[in-house]
Every structure is written in C-alpha cells, then in structure tokens.
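So the sequence lines, in the order shown, correspond to chains L and Y. Numbers given in our numbering equal positions in the first sequence, counted from 1, plus 40. Numbers given in our numbering equal positions in the second sequence, counted from 1, plus 40. Glycine is no exception: its CB is placed at the ideal position from the N, C-alpha and C atoms. Notes follow once the structure below has been shown.
Number of protein chains: 2
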Amino acid sequence: MTPKSTTEADAAHEALAVVLRVRDGVLQVLLWERARRPFLGAWALPGGRLEPGETLERSLRRHLAAKVDVRDLAHLEQLETRSDPRRHPARRMIATAYLGLVPAHVDPSVPGDTAWQPVDDLPAMAFDHRDIALAGRERLRAKLSYTNIGFALAPPSFTISELRALYRAALGHDVSATNLQRVLLRRRLLEPTGETRPPGRAGGRPAAVFRFAATDLAVTDQFAVLRPPDVR
Amino acid sequence: MTPKSTTEADAAHEALAVVLRVRDGVLQVLLWERARRPFLGAWALPGGRLEPGETLERSLRRHLAAKVDVRDLAHLEQLETRSDPRRHPARRMIATAYLGLVPAHVDPSVPGDTAWQPVDDLPAMAFDHRDIALAGRERLRAKLSYTNIGFALAPPSFTISELRALYRAALGHDVSATNLQRVLLRRRLLEPTGETRPPGRAGGRPAAVFRFAATDLAVTDQFAVLRPPDVR
DNA sequence: TCAAGTTATCGACTGGTAGACGAAAACCAA
DNA sequence: TTGGTTTTCGTCTACCAGTCGATAACTTGA
C-alpha cells in the first residue's frame, strides 16, 4: 500500500510564466535576474510560490504584477506542470507553467532586474526554465496556425504588412502576405476597418487597416482534418 | 510583498488519470467507486496523492497499477492542472490530470470497485472529475485528426473496417472508410502487413490487414496550416 | 508634369488533399 | 448460377494554400 503519513512536508508549488511579445521583428520573453540562491544572478522566468487559497492563475497574476502591468496581458493559458524532484537543487518544487502574450502596441515598463530577451537566443537560465520557455514558443507557433491567438500579439488595428512581420517573428519563417490575408479573411478571423494607413517616405500604395474579429478564442480553438460529414 | 511563512501546510498534490479505451463501439473511461468520504460511493477518476521524491507521471503509474496493468497503457500524456481551492470540499488539493489510452485488443481485469463507463453518458462523479474526463475526450478527438495517436487505441494489426469503428467511437461521428485509409496511408501513418482477414459468415471480400507505422509519435505531433516556404 | 521607384492589393494558375459516389473485386449461401 | 455482402479502388468535385505576375495608389526627383 501507499504510505499515508508523509515524513517530509508536501511539495511546494509555484506558477511560472512564459510571457512573450514581438518587438522590432524579434520574439522576446520576459525574464528577471535572480536575486538569491540558488542560481543567483541567473535569468529566470517570472512567477513564484502558490499561497493558500489561491488558484494557480491568480497566483501567477499576483506575482506578475510586480513585473508588468497585468492588464497588458492579452492572453494567458496553461502550458504544463513539471514535477521532476531534481528540477530544484535544494527543495521539492513543482512548477506549473503558463503562456502569456503581450500585444505589440503596449510597452510596459519593467523593473531594473527584468528584461526582454530574444527567445531564439536565450541566455543561460536557472532551473529548467530554458526548456519551459522553448515549450511556450512551440505552443505559440502551433496555435498561430489554427487559432486566432495572433490577436493577442497584435495591436487593435494593423495592416497586413505589420501582421505579417508579427507572424514572421513568432513563427521563425516568412509568410506570404497574400496567403496570410486570404486565409485569415476566409476564416473570418480578420475584418477590414475601412480605414487606410498613409504610406511611408518611400511612397507606395496606402495599406488597408484590419482588426481581428471579436470572436471567442475558444470557438476557433479547434481544427479537424477528419471533419464530420454534412457539415459545410 | 508576498507572505513568506505559510500559516497552513502547503497544498497536497494528486495525479489523476483519464484512461480511455474503445469497446463494442463505445468510448469508455476507467472509473472507480470511492470508498471514503467525501463523495463516498460516487464515481471518481483513478489516481492519488503525490509522494515525496516522485514525479507526477511515476506517481500516477503507481496508483494506476492497483487498477489496471500499467503495461497495457499504450499512451500517457499530461492534460491539465486544476487548482481551484474549492474543488475539494475539505482540504486544499491540486490535481494534475493525465490522458491514458488502452488498446482495443487487451482486456485488463479490473478490481470489483472499478468499472469502464461510457464517456458519452457519464454517471454522477466526485469533485470536478466529470469536467476532467470530458477534457480528456476532447484532447483525444483533437489529436486523432492530426497525429497518429490512434495507434494507442488500436490492436497491433487491424482491417480498415475495424479501425473505422474505433475512430467512429472515439470521434463521435462516422468517418469514411475510403478517406480514412487514404489519409492515413498518404501520411505514412499506416502500412499494409500483406495479410488478409477471412470474411465472416455473411461473406464478403477478405479485408487487408494493416498496422500503424513505427514512427515516433512526437514526429507527427505537429500540424501547420501556414507552412514554411520551400518545404515540400 | 511625368517617369521611375515603392508598396499594397488582387486575380489567376497550380498542386495537393479530402469528401462523395459508384464500380469492381472477392467472398458466402442458397 | 444467382443474389447478397463486404472490401477496395478509381474518379469526380470542391476547396484551399502556395506562387506569380498584373494592377493600383502612392512617393520622390527630374
């Protein structure tokens, strides 16, 4: 049978966040420099201990409030829970990671010990945080293809060129402007605002301005290759 | 600042499993009848407390061993972590749920307090286990469409008709035998064994026998509508 | 004012894939 | 031999994404 009385205390639990944004064509993650051991001075994901009575998401938002304005978080979803006993060198610590997205148009001021780092060229990181950060990137990339999660990275309105730059930075490869517009329009994820943006100094045709349709994310969170019959 | 000393003990953590199989054309989940309060006598997902030094997956396999032969589990992946303080009426309990799949050809004997229940017609369940079970079903349905996760539900070899029955039960809707074969063959997920199965008493053409190709699940775990250019 | 350059948008072509359907194959039973 | 059953295969069609080139709408500079 399983032991009923735990000799040591129950495992501590923490919530961590992979907060991503696109800036200057680069996908960045919010990291902070640890101020205590272990891994003193190393880069780490923001987050912290779960306190009694809190949900994980609430705890995460509380810890995050010290780093960024939580109102700037356009999207937050659970990633995975890590439980390897050796992931923390000193104590038992279970971590539940979340993926958070910050739109391109907000630039939250962050404390001095906090910085945006490129996800494709991460510095040395504490614990297993590097793996978690990369898992967050992969989740974003997968979901960009079949959901409207892109709205969480984009400003309220944008041109196709601007959106294309966002997708290129997040996906890590180029996307065709023609296909991006057609695919998103056909799926009713995008709608034109009717406005246009004046061209830059080099000239060029004014770009039409679009916005993401106000559809529920959950609605478009599904994709099926084998669709049910008669649904068309 | 956040409180450093926890007045009450840290939250207890449990691992739960949504173990699914297809039997007689019905998608079933493994449940057991609780033998103690709260929810005494109600149906619950198998699982139990995480003990010191265990990973979540190891803990789950240990608890599951009392219910089914763990070697019969063809697939196990993490689903989600639930942390609502009110999900357990008496104490603080965080649950990490997993999705497990049992192939159709094995029929593990289960203890008397354990039973397979239809996922589409669940009995009243303890805690939030009903939500978790349905989340497991949705994960399976989504992944059936774009991964080779179906191999974990299928016997080592099978005819297209048998596989079609499996998919119909799991997906909840009919699938065309023609398309099922063509789609899976084209993606190299399926390969013919060269054998045929003799027809039943009513006659009919002998069915060709297939098996899932021995590709790594992780390899086929990706799908992209917006593919990178030049990859063809 | 006009030509050249620039950027955005659109239409057309192509290839690939899935759903539907019916024909053909391979068996059984009467 | 005929009719029924099940499986398998080919074909037709629709849809969708990737590519490419034409066109639109603007700029600057001569």
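Could you give the distance in angstroms between the alpha-carbon of L184 of chain Y and the alpha-carbon of T121 of chain Y?
Using only the alpha carbons, I get a separation of about 22 Å.
Tell me which residue opens and which closes the beta strand (DSSP E) that L230 of chain L is part of.
Per DSSP, L230 of chain L belongs to the beta strand (DSSP E) from L230 to R237.
I'd like to confirm the pairing. Which residues does DSSP put opposite A54 of chain L in its beta bridges?
Per the sequence presented here, residue 54 of chain L reads as Glu, with Ala not at that position. Answer by DSSP bridge pairing, in chain order: L:R89 and L:A135.
Tell me H115 of chain Y's beta-bridge partners as DSSP assigns them.
According to DSSP, H115 of chain Y bridges with Y:L141.
In whole angstroms, what is the alpha-carbon distance linking N219 of chain Y and R111 of chain L?
Rounded to the nearest angstrom, the two C-alpha atoms are 47 Å apart.
Using a C-beta cutoff of 8 Å, does H53 of chain L count as contacting chain Y?
Chain Y contact via Cβ: present.
What residues from chain L crowd round Q221 of chain Y, counting only those whose CB sits closer than 7 Å?
Residues of chain L passing the Cβ test: none, with the nearest at roughly 12 Å.
Given a limit of 7 Å on CB to CB distance, which residues of the region 120-132 of chain Y reach chain L?
Answer in chain order: E120, T121, S123, D124, P125 and R132.
At what residue ranges does the region 138-226 of chain L contain a whole run of the alpha helix (DSSP H), taking only runs of 4 or more?
Listed in chain order, the complete alpha helix (DSSP H) runs (minimum 4 residues) inside the region 138-226 of chain L are 169-186, 200-211 and 217-226.
Note down, in chain order, every chain Y residue with its Cβ under 8 Å from the Cβ of I172 of chain L.
Ordered by position in chain Y, no residue passes the 8 Å Cβ test against I172 of chain L, which lies about 13 Å from the chain.
Scan the region 77-97 of chain L for residues whose Cβ lies nearer than 8 Å to a Cβ of chain Y and list them as they occur along the chain.
Residues passing the 8 Å Cβ filter: G88, R89, L90, E91, P92, G93, E94, T95, L96 and E97.
Taking I172 of chain L as the reference, give the member of L:L139, L:T187, L:P148 and L:F252 with the closest Cα.
Checked all of L:L139, L:T187, L:P148 and L:F252; the closest Cα to I172 of chain L is L:L139.
Counting Cβ pairs closer than 8 Å, one from the region 194-202 of chain L and one from the region 134-149 of chain L, do we hit at least three?
Because the criterion of three Cβ pairs below 8 Å is met, the region 194-202 of chain L and the region 134-149 of chain L touch.
Could you check what DSSP says for L60 of chain L in three-state terms: helix, strand or coil?
Residue state, collapsed to three classes: strand.
State buried or exposed for R132 of chain Y, treating a residue as buried only when at least 16 other CB atoms are found within 10 Å of its CB.
That one is buried.
How far does the beta strand (DSSP E) with L67 of chain L in it extend, from its first residue to its last?
Per DSSP, L67 of chain L belongs to the beta strand (DSSP E) from V66 to E73.
Relative to the C-alpha of W72 of chain L, which candidate in L:T154, L:R98 and L:P232 has its C-alpha closest?
Cα-wise, what sits closest to W72 of chain L is L:T154.
At what residues does the beta strand (DSSP E) containing R251 of chain L begin and finish?
Element bounds for R251 of chain L: A247 to F252.
Hey, A84 of chain L and A166 of chain L are a contact pair by Cβ (cut 8 Å); roughly how many whole angstroms apart?
Sure, about 4 Å apart at Cβ, within 8 Å.
Using a threshold of 8 Å, state whether the C-beta atoms of P239 of chain Y and P232 of chain Y are closer than that.
It is not a contact, given that the beta carbons lie outside the stated cut-off.
How is the alpha helix (DSSP H) around E94 of chain Y delimited, first residue to last?
Element bounds for E94 of chain Y: n/a, residue is neither H nor E.
Assuming S99 of chain L contacts L96 of chain Y (C-beta within less than 8 Å), just tell me the rounded distance between them.
Not a contact, Cβ separation roughly 19 Å.
Grab me the residues of F79 of chain Y's own chain with a C-beta within less than 6 Å of its C-beta, minus the 5 sequence neighbours each way, in chain order.
Around F79 of chain Y: A166.
Here's the rule I'm using: 16 or more other beta-carbon atoms within 10 Å means buried, otherwise exposed. How should E178 of chain L be labelled?
Counting Cβ neighbours within 10 Å, E178 of chain L comes out exposed, since fewer than 16 surround it.
For R122 of chain L, write down the residues that DSSP places opposite it in a beta bridge.
L:A135, per the DSSP bridge assignment.
Quick one: list the residues of chain Y neighbouring T136 of chain L, beta-carbon separation under 7 Å, in chain order.
Within chain Y, the residues near T136 of chain L are T121.
Am I right that H53 of chain L and L113 of chain L are in contact with their C-beta atoms under 8 Å? What's the rounded C-beta distance?
Between L113 of chain L and H53 of chain L the Cβ distance is about 21 Å, and since that is not below 8 Å, they are no contact.
Using the Cβ count rule (16 or more neighbours within 10 Å means buried), how would you classify T136 of chain L?
With 16 or more Cβ atoms within 10 Å of its Cβ, T136 of chain L is classed as buried.
Using a Cβ cut-off of 8 Å, pull out every chain Y residue sitting near Q118 of chain L, in sequence order please.
Simply E120 and T121.
Could you have a look at A105 of chain Y and say whether DSSP puts it in helix, strand or coil?
Three-state result, A105 of chain Y: helix.
Could you check if D64 of chain Y is buried or exposed, using at least 16 other CB atoms within 10 Å of its CB as the buried criterion?
Exposed: under 16 other Cβ atoms inside 10 Å.
Excluding sequence positions up to five away, which residues of its chain have a Cβ less than 7 Å from the Cβ of G87 of chain L?
So the list reads E54, A55, L56, A57, L100 and H103, once near-sequence residues are dropped.
How should G176 of chain Y be labelled, buried or exposed, when 16 other C-beta atoms within 10 angstroms of its C-beta is the threshold for buried?
By the 10 Å Cβ count, G176 of chain Y comes out buried.
According to the neighbour-count rule (16 or more other Cβ atoms, all chains shown, within 10 Å of its Cβ), is A242 of chain Y buried or exposed?
Counting Cβ neighbours within 10 Å, A242 of chain Y comes out exposed, since fewer than 16 surround it.
Is it right to say E94 of chain Y is buried, meaning 16 or more other beta carbons lie within 10 angstroms of its own, or is it exposed?
Result: buried.
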